[in-house]
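Everything on this sheet refers to the single structure shown next.
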């Protein structure tokens, strides 16, 4: 660290009382920790004269006069980020940044936690010194990023009402949940990776690459001629969506000051909610009226438009470590952590899904997958804690109370949010014999409830600075709504179905945005991006986990309840078994009425178990929010000064 060390109050060439040869030794100006310039001030003739004069003067006057005669070194006015300046052949003065670092810090001021975080946020933003973007250009960029988020988010739900039609074409309903799982698994596993890559390679570059990969995956899905190719395409699209979903929120933080960030975050929450509403509707419409393949063709032209707009409009400042060589930047990536995390997740989820595809829980395949997955995930945490120099998941976040609380809440919220979106349409398609489009319309109360409370709760928190009441009320209402869904049967009136779905959606909504706010409020500014990524990661993991568990319950229960039907109608036993993968068998003219009723009843019993199994997820979501600590947000949200 550069510093200036003046060990004596006398300067060469300036004489005064009290400066004798015995007491005046030397003065040094030190630059850094190794460079020291020493100047000898002993002058024989001058020292004798000064000594004679100093004997007739008091010690106090001598000290005062000496201090008054010392010329003050004018602090050079240096532009920031420049090297040290040389004032003479023996004197080197460091730049302003080094001098500021050497000055002793002021005594710490005891302030509340929320205000301390506000001041840190102010310092972190003011140090960047960025100019605000013109409003018109900012709005256009926000619109482009919202469009990118829309096509990535809509792919999570657009296949919900089309899975039956897709499964009928490929005759594989048991693999239908993997249309969602493949996408969610890929996007979940790569979210932390894309965050690190954007830090190293740049936000724009990684975002463009993600959109390109997403487009390629969508084209593969649209051209698929087998369920295997379709699942591969979904996985590739999910890899690209990981960058799109994660980096849109990060880029907003790069271009919008913190004091203005709230409304734009609400816009992205609105986009995410609208995609949940429009996705099932578009999926059902394309599946019934045109072709399910148009579900995937829809994203291709939109993605091309977004790429062109980003290339033309988006200009972000270079990250500090982008000045490093490519090799130095690539060495910072935690490859071992990435491999362990992705491998462990795939193994665990395969173990959870295999029973739904006909394997027994005690089968060797299931046991090996679960055992290997748990072992690999354990190794991942050990590596991140002891070996990784730059971990993809900062383990210190797990020690922050509110962040750990929101990790658990986000996990269970993901399961509660996506499971009804996929299984309520099956209720209407199989039990009520409705089309995919009608099933999507019937799902509207659930997704509209999510949209209303996610936005309204965010606005209330921005105005009032309190979030815990909504965090507690939301999961409680969601648990009640999920319990009410388990009461549905074939004879339930339409008003009851709409009301139950609306209640469940209203309960899920608050956590979508408030989980991020609660987590970010508990950490320092340099950990906000990591906290956002971790919470999004846990929400996606919860979605995949919930889908896998519910598919296991659905498939196992359906096979169990169909066995008596097969025994009763032996001549149609193969038709009853085929109804598991192809529900259209139920309504074939040659199927006897008793067999049709038996198959529908088996589906209804299985869906009842799925809805009952969602109740513990809602209850755990509520319990996980109880330890949430209140950090006042009013000052934090409004204390950021104008730039």
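Residue numbers (my numbering): 5 to 647. Using N, Cα and C, we set each Cβ at its ideal position, and we do this for glycine too. Just so we're clear, the structure is a prediction, and the values are computed from it rather than from any experiment.
Give me the Cα-Cα distance between residue i and residue j, rounded to the nearest whole angstrom.
i, j, result
"residue 233", "residue 160", "18 Å"
"residue 188", "residue 545", "8 Å"
"residue 114", "residue 636", "For residue 114, the predicted structure reports a pLDDT of 43, less than 50, and the residue's modelled location is therefore unreliable. The matter cannot be settled from this model."
"residue 485", "residue 392", "43 Å"
"residue 59", "residue 528", "Note that residue 59 scores 40 on pLDDT, short of 50, meaning its location in the model is unreliable; the coordinates nonetheless yield the value given after this. Rounded to the nearest angstrom, the two C-alpha atoms are 59 Å apart."
"residue 648", "residue 552", "In this structure the chain extends from 5 to 647, so residue 648 is not present and cannot be described."
"residue 427", "residue 633", "35 Å"
"residue 146", "residue 311", "14 Å"
"residue 492", "residue 222", "36 Å"
"residue 379", "residue 348", "8 Å"
"residue 394", "residue 413", "26 Å"
"residue 2", "residue 226", "Outside the modelled stretch of the chain, which goes from 5 to 647, sits residue 2, for which no answer is possible."
"residue 297", "residue 211", "25 Å"
"residue 203", "residue 141", "24 Å"
"residue 70", "residue 398", "For residue 70, the pLDDT reaches just 44, beneath the cut-off of 50, and the residue's location in the model is therefore unreliable, although a value from the coordinates is still provided. Rounded to the nearest angstrom, the two C-alpha atoms are 55 Å apart."
"residue 407", "residue 335", "29 Å"
"residue 364", "residue 403", "38 Å"
"residue 627", "residue 548", "21 Å"
"residue 318", "residue 290", "33 Å"
"residue 372", "residue 366", "10 Å"
"residue 256", "residue 316", "17 Å"
"residue 173", "residue 526", "50 Å"
"residue 132", "residue 200", "Any reading at residue 132 is ruled out, since the residue's pLDDT is 40, under 50, leaving its predicted position unreliable."
"residue 455", "residue 597", "41 Å"
"residue 182", "residue 499", "32 Å"
"residue 495", "residue 166", "25 Å"
"residue 631", "residue 542", "18 Å"
"residue 260", "residue 389", "34 Å"
"residue 650", "residue 624", "For residue 650 there is no data in the structure shown, the boundaries of the chain being 5 and 647."
"residue 229", "residue 170", "11 Å"
"residue 602", "residue 449", "30 Å"
"residue 138", "residue 461", "29 Å"
"residue 487", "residue 616", "7 Å"
"residue 268", "residue 510", "22 Å"
"residue 374", "residue 143", "47 Å"
Look at the Cβ atom of residue i, then the Cβ atom of residue j, and state whether they are nearer than 8 Å.
i, j, result
"residue 287", "residue 453", "no"
"residue 475", "residue 515", "yes"
"residue 396", "residue 196", "yes"
"residue 254", "residue 533", "yes"
"residue 520", "residue 508", "no"
"residue 176", "residue 231", "yes"
"residue 168", "residue 313", "no"
"residue 193", "residue 376", "no"
"residue 358", "residue 370", "yes"
"residue 622", "residue 422", "no"
"residue 401", "residue 535", "yes"
"residue 629", "residue 329", "no"
"residue 242", "residue 307", "no"
"residue 352", "residue 381", "yes"
"residue 457", "residue 513", "yes"
"residue 518", "residue 465", "yes"
"residue 292", "residue 441", "yes"
"residue 224", "residue 206", "no"
"residue 163", "residue 299", "yes"
"residue 599", "residue 580", "yes"
"residue 1", "residue 451", "With the chain covering only 5 through 647, there is no way to say anything about residue 1."
"residue 425", "residue 447", "yes"
"residue 411", "residue 285", "no"
"residue 152", "residue 252", "yes"
"residue 565", "residue 537", "no"
"residue 604", "residue 590", "yes"
Margin query: Taking 8 Å as the cut-off, does the region 269 to 281 touch the region 566 to 574 (at least 3 CB pairs, one atom from each stretch)?
Written below: Short answer: they don't touch.
Note to self: Quick check: the region 599 to 615 against the region 430 to 443, are at least 3 beta-carbon pairs closer than 8 Å?
What the structure shows: The region 430 to 443 is in contact with the region 599 to 615.
Check: Touching or not, the region 499 to 513 and the region 151 to 167, by the rule of three or more beta carbon pairs under 8 Å?
Finding: Contact check between the region 499 to 513 and the region 151 to 167: fewer than three CB pairs, one atom from each, fall below 8 Å, which does not count as touching.
Checklist line | Three CB pairs or more closer than 8 Å across the region 459 to 470 and the region 480 to 494 | finding: The region 459 to 470, when compared against the region 480 to 494, does not touch it at the 8 Å Cβ threshold.
Notebook entry, point to check: Can at least three beta-carbon pairs, one atom from the region 144 to 157 and one from the region 412 to 425, be found at a separation below 8 Å?
Noted result: At 8 Å Cβ cutoff, the stretches do not touch.
Next item on the list: Identify every run of the alpha helix (DSSP H) within the region 435 to 485, keeping only runs that are complete inside it and at least 4 residues long; order them along the chain.
Entry: Secondary structure remark: continuous alpha helix (DSSP H) runs of at least 4 residues inside the region 435 to 485, in chain order: 440 to 446 and 448 to 468.
Checklist line | Segments assigned alpha helix (DSSP H), at least 4 residues, entirely inside the region 480 to 568 | finding: Listed in chain order, the alpha helix (DSSP H) elements of length 4 or more contained wholly in the region 480 to 568 are 498 to 525.
Note to self: Measuring CB atoms only, is the region 245 to 263 touching the region 209 to 221, in the sense that at least three cross pairs come out at less than 8 Å?
What the structure shows: Per the Cβ contact rule, the region 245 to 263 is in contact with the region 209 to 221 (3 or more Cβ pairs under 8 Å).
Note to self: Ignoring anything shorter than 4 residues, give me the alpha helix (DSSP H) runs that lie fully in the region 203 to 279, in order along the chain.
What the structure shows: Complete alpha helix (DSSP H) runs here, min 4: 207 to 227 and 231 to 259.
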